[in-house]
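Enquirer: As given, the protein sequences belong to chains A and B, one line each in that order. Under our numbering, residues 1 to 404 are what the first sequence spells out, in order. Under our numbering, residues 1 to 323 are what the second sequence spells out, in order. Don't be surprised by glycine CBs; every beta carbon is placed ideally from N, CA and C.
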Amino acid sequence: MVKRVRRRYAAERRFRLLGLAAVSVSVLFLAFLLYTMGVKGLGGFVHYEAALTIDFTRSDLFLDPAALRGPDARQAVVSADLESAISNAAVAAYGESAAEMFGGGAVDKLTEAIVRNPDMLNGNVSLWLPVGSKIDVAAKGDSDAGSEYLVSALQQRHALKWTFNTQFLAASDSTDPSAVGVWGALKGSFLTILVTMLLAFPVGVLAAVYLEEFAPRNRWTDAIEVSINNLAAVPSIIFGLLGLAVFLNFLNLPRSAPLVGGMTLALMTMPVIVIAGRNAIKTVPPSIRDGALAVGASKMQVTFHHVLPLALPGILTGTIIGMARALGETAPLLMIGMRAFIAAPPGGISEPATVLPVQIFLWSDEVDRGFVEKTSTAIIVLLLFMLLMNGLAIYLRNRFERRW
Amino acid sequence: MLMKEKMPLTPVTPVPAEPAAIAAGAHRKESSTAEVKSGSESARSERAEPLVDVSNQVNIEDSWAEKIDPAREPKMSANGVSVFYGSKQALKDVSIRIYDDLVTAFIGPSGCGKSTFLRCLNRMNDTIPSAKVNGRIELDGEDINASEMDVVQLRARVGMVFQKPNPFPKSIFENVAYGPRIHGLAQSKAELEQIVEKSLKRAGLWEEVKDRLAESGTALSGGQQQRLCIARAIAVDPEVILMDEPCSALDPIATAKIEELIHELRGRYAIAIVTHNMQQAARVSQRTAFFHLGELVEYGRTSEIFTNPRERRTTDYITGRYG
Numbered sequence: 001m002v003k004r005v006r007r008r009y010a011a012e013r014r015f016r017l018l019g020l021a022a023v024s025v026s027v028l029f030l031a032f033l034l035y036t037m038g039v040k041g042l043g044g045f046v047h048y049e050a051a052l053t054i055d056f057t058r059s060d061l062f063l064d065p066a067a068l069r070g071p072d073a074r075q076a077v078v079s080a081d082l083e084s085a086i087s088n089a090a091v092a093a094y095g096e097s098a099a100e101m102f103g104g105g106a107v108d109k110l111t112e113a114i115v116r117n118p119d120m121l122n123g124n125v126s127l128w129l130p131v132g133s134k135i136d137v138a139a140k141g142d143s144d145a146g147s148e149y150l151v152s153a154l155q156q157r158h159a160l161k162w163t164f165n166t167q168f169l170a171a172s173d174s175t176d177p178s179a180v181g182v183w184g185a186l187k188g189s190f191l192t193i194l195v196t197m198l199l200a201f202p203v204g205v206l207a208a209v210y211l212e213e214f215a216p217r218n219r220w221t222d223a224i225e226v227s228i229n230n231l232a233a234v235p236s237i238i239f240g241l242l243g244l245a246v247f248l249n250f251l252n253l254p255r256s257a258p259l260v261g262g263m264t265l266a267l268m269t270m271p272v273i274v275i276a277g278r279n280a281i282k283t284v285p286p287s288i289r290d291g292a293l294a295v296g297a298s299k300m301q302v303t304f305h306h307v308l309p310l311a312l313p314g315i316l317t318g319t320i321i322g323m324a325r326a327l328g329e330t331a332p333l334l335m336i337g338m339r340a341f342i343a344a345p346p347g348g349i350s351e352p353a354t355v356l357p358v359q360i361f362l363w364s365d366e367v368d369r370g371f372v373e374k375t376s377t378a379i380i381v382l383l384l385f386m387l388l389m390n391g392l393a394i395y396l397r398n399r400f401e402r403r404w
Numbered sequence: 001m002l003m004k005e006k007m008p009l010t011p012v013t014p015v016p017a018e019p020a021a022i023a024a025g026a027h028r029k030e031s032s033t034a035e036v037k038s039g040s041e042s043a044r045s046e047r048a049e050p051l052v053d054v055s056n057q058v059n060i061e062d063s064w065a066e067k068i069d070p071a072r073e074p075k076m077s078a079n080g081v082s083v084f085y086g087s088k089q090a091l092k093d094v095s096i097r098i099y100d101d102l103v104t105a106f107i108g109p110s111g112c113g114k115s116t117f118l119r120c121l122n123r124m125n126d127t128i129p130s131a132k133v134n135g136r137i138e139l140d141g142e143d144i145n146a147s148e149m150d151v152v153q154l155r156a157r158v159g160m161v162f163q164k165p166n167p168f169p170k171s172i173f174e175n176v177a178y179g180p181r182i183h184g185l186a187q188s189k190a191e192l193e194q195i196v197e198k199s200l201k202r203a204g205l206w207e208e209v210k211d212r213l214a215e216s217g218t219a220l221s222g223g224q225q226q227r228l229c230i231a232r233a234i235a236v237d238p239e240v241i242l243m244d245e246p247c248s249a250l251d252p253i254a255t256a257k258i259e260e261l262i263h264e265l266r267g268r269y270a271i272a273i274v275t276h277n278m279q280q281a282a283r284v285s286q287r288t289a290f291f292h293l294g295e296l297v298e299y300g301r302t303s304e305i306f307t308n309p310r311e312r313r314t315t316d317y318i319t320g321r322y323g
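1) Taking just the CA atoms, how far does A/Gly296 sit from A/Leu327?
2) List the residues of chain A that B/Tyr178 touches, going by C-beta distances under 7 Å, in chain order.
3) Since B/Gly159 meets chain A, which of its residues come closer than 9 Å, beta carbon to beta carbon?
4) Determine the DSSP secondary structure at A/His47, reduced to helix, strand or coil.
5) Report the residue ranges of all beta strand (DSSP E) runs contained in full by the segment 107–134 of chain A; include only those spanning at least 3 residues, in chain order.
6) Can you tell me where the alpha helix (DSSP H) holding A/Phe250 begins and where it ends?
7) B/Glu239 and B/Ala270 look like a contact to me (Cβ under 8 Å); what is the Cβ gap, rounded to whole Å?
8) Would B/Phe106 be called buried (16 or more neighbouring beta carbons within 10 Å of its own) or exposed?
9) Measure from the alpha carbon of A/Glu213 to the alpha carbon of each residue in A/Leu198, A/Val307 and A/Arg325, then state which is nearest.
10) Should B/Asp244 be labelled buried (16 or more other beta-carbon atoms within 10 Å of its own) or exposed?
11) Compare the beta carbon distance of B/Pro74 and B/Arg97 with 8 Å and say whether it is the shorter of the two.
12) Could you tell me whether any Cβ in chain A is nearer than 8 Å to the Cβ of B/Val152?
13) Cα separation between B/Val83 and B/Ser77?
14) At which residues does the beta strand (DSSP E) containing B/Thr288 begin and terminate?
15) Which residues of the segment 210–229 of chain B have a Cβ closer than 9 Å to any Cβ of chain A? Give them in chain order.
16) A/Gly291 versus chain B: which residues are under 8 Å apart at the beta carbon?
17) For the candidate residues A/Phe164, A/Ile114 and A/Lys109, whose alpha-carbon lies nearest to that of A/Phe45?
18) For chain A, check one thing: does any of its Cβ atoms lie closer than 8 Å to the Cβ of B/Ile137?
19) With a threshold of 8 Å between beta-carbons, can A/Ser287 be considered close to chain B, or not?
20) Could you pull out every unbroken alpha helix (DSSP H) segment of at least 4 residues lying fully inside the segment 276–306 of chain A, listed in chain order?
21) So is A/Tyr149 buried or exposed if we call it buried at 16+ other beta carbons inside 10 Å?
22) Helix, strand or coil: which one does DSSP assign to B/Ser171?
23) Helix, strand or coil: which one does DSSP assign to B/Tyr322?
24) Are the CB atoms of A/Arg406 and A/Pro118 nearer to each other than 8 Å?
25) In angstroms, rounded to a whole number, what distance separates the CA positions of B/Asp62 and A/Val203?
26) Scan the segment 110–136 of chain B and note each continuous alpha helix (DSSP H) run of 4 residues or more that stays entirely inside, going in chain order.
27) Quick check on B/Arg123: buried or exposed, where buried means 16 or more other Cβ atoms within 10 Å of its Cβ?
28) Examine chain A for any beta-carbon lying closer than 8 Å to the beta-carbon of B/Ile401, and answer yes or no.
29) Could you work out which residues of chain B lie near A/Leu308, taking near to mean beta carbons separated by less than 7 Å?
30) CA-CA distance, A/Gly410 and A/Ile114?
31) Under the assumption that B/Phe173 contacts B/Val196 (Cβ atoms under 8 Å), give the Cβ distance between them as a whole number of angstroms.
Below, the structure written as structure tokens:
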């Protein structure tokens, strides 16, 4: 008897240890992921800037002062050859090897500065400009000998400092890693998810309510139930093919647009919402339905006054899961052309756009070393975006739950 | 109806009276006087006989009802009601009457069909897809299963209180206000508040909850929840209240309060109550119907059923030999 009890306790201890080990392994994986992301990606939120003095009186920029005061000022500055002006100034300041030390980011910043203050073109201007990706990578301690030499030279002259890379959140895709940003992809993701949400949530919830509360139990509803369950397990790329065939080739909707992306992802998310919704509706106790029916509520009143509000937290949980999956989805979007290089943020749901995960995928393919860091940084942005959305959804859900 | 083949066995019922009773309420009244005499005679002769197996003759209860309450106009009457769940017959040819100013108790062992019968009276069985109800049930002479009868309105007229208190997970006020609101009984907010107050007062809950009407109905104690459910049922001003073992989930004190409440509500509403508890049936009801295995075994004055039952099965159940 005593032996049996001891064996029982030993078994319990073993089980606890096993569980603890399982939890530790998953925590370890998570820590590893976050650590690598942090180490590789956090650097992307800062970048190095170098001091540069440009003597505009000596540069051969052709800028009409009148145009600079007009509404097309930006256009005028962009068409001027600022790049060579910067390059010449850099050579004058730091020698031949510095000719390409500044990249697209510097041009963007200088453009902004001139638009804001056209008077600076009349004289000598000292500015901090973001360095090109090669120097940036070298300054962060990971590059070839040539760049490192320049970096140490700059540091000796105190001409190099780091600042927050505000541009990374404000700019869009670019071929130059020093000028890239995630704003375009973020906006694309947001619009796509919005379309997905607006389509999948109402349709999914209505389908769940109908199947659970109104549909007669027969072979047809059984068949529909099986199909929906299977649909939830279909690989996402298949939905991409479906979207390509139906939305692009048949309906001729715009290619690479958040509209089509959202519709495709909605197809993918809907079964998840339907299944979660049905389960949530099933958990509403029948006594509540009886109570409402007994005071003379119609079937629809019972559903919308009692069942749905009680099932909503569960439905929202399913929706959060579905949306998070849709937000991180890449494969179906590749099929409908959202992998194009798009340098401007989308203005609406029918304009070409890309989304964060696809942007990450595209950057991870780039040869330039500057993109390695940007890829990790974009992943951090994606994770934060997801965290934000999920947090919002959980907050909403808790508010619904806490009502009683 | 099964009645016809069994008629020769039962000298109690005059044969022509039965179809007439089913056909029209007005006609029934005329025939009932004739029935009373023959009924009372046969009742005596039946009691004089040793307890024979009369299980095949239970369909005389319709005449029992008329015999006991010849002059009363029933609020609800059921004639030959059978209920099937799929192929299983849960209720066999039950005929019963419920009166305005009387509490009718349905007693019987578990699974005897008393709750099923109660749920027929406001068509709650409609929600069970496999359930099929045969026979005629009338409310004020109208067939409640007729196509002209709107089930939503029927349930507003025939309210129900369930075994387990099932307040909505909303505020106390909302619980009571829900029915009047969906039926548009109140024109203004003040009127709605009045209805809520009146209903809670009638349910004997007002004093306990008047300061916390905004709190959740599910936060109340079990007995209070059940009274809240009663308040919710009477808020729509029903004519009949059906109670399905309303005290089986409550402690004795809460039970006593509900029973007291039933006494107070009697007269204002026709009340039918299903109960497991025979003492409760004896305390609250004036008429009792004993169900067994889906059949109505006996119906009569509560005092008679408990002191002098006619059927052996009733005796056995009441004396605790089974059930």
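Expert: In short:
1) 43 Å
2) Val295
3) Ala294, Val295 and Gly296
4) strand
5) 124–130
6) Neither: A/Phe250 is in no alpha helix (DSSP H) and is coded neither H nor E.
7) 6 Å
8) buried
9) A/Val307
10) buried
11) yes
12) yes
13) 16 Å
14) Arg287 to His292
15) Ser216, Gly217, Thr218, Ala219 and Cys229
16) Phe162, Asn166, Pro167, Phe168, Cys229 and Arg232
17) A/Phe164
18) no
19) yes
20) 286–294
21) exposed
22) strand
23) coil
24) This structure cannot speak to residue 406 of chain A, because chain A is shown only from 1 to 404.
25) Caution is warranted here: a pLDDT of 48 is assigned to B/Asp62, below 50, making its placement in the model unreliable, and the coordinate value is therefore given only provisionally. Cα to Cα, the separation comes out at about 53 Å.
26) 114–121
27) buried
28) For residue 401 of chain B there is no data in the structure shown, the boundaries of chain B being 1 and 323.
29) The contacting residues do not exist; A/Leu308 stays about 13 Å from chain B at best.
30) Since the first and last residues shown for chain A are 1 and 404, residue 410 of chain A lies out of range.
31) 6 Å
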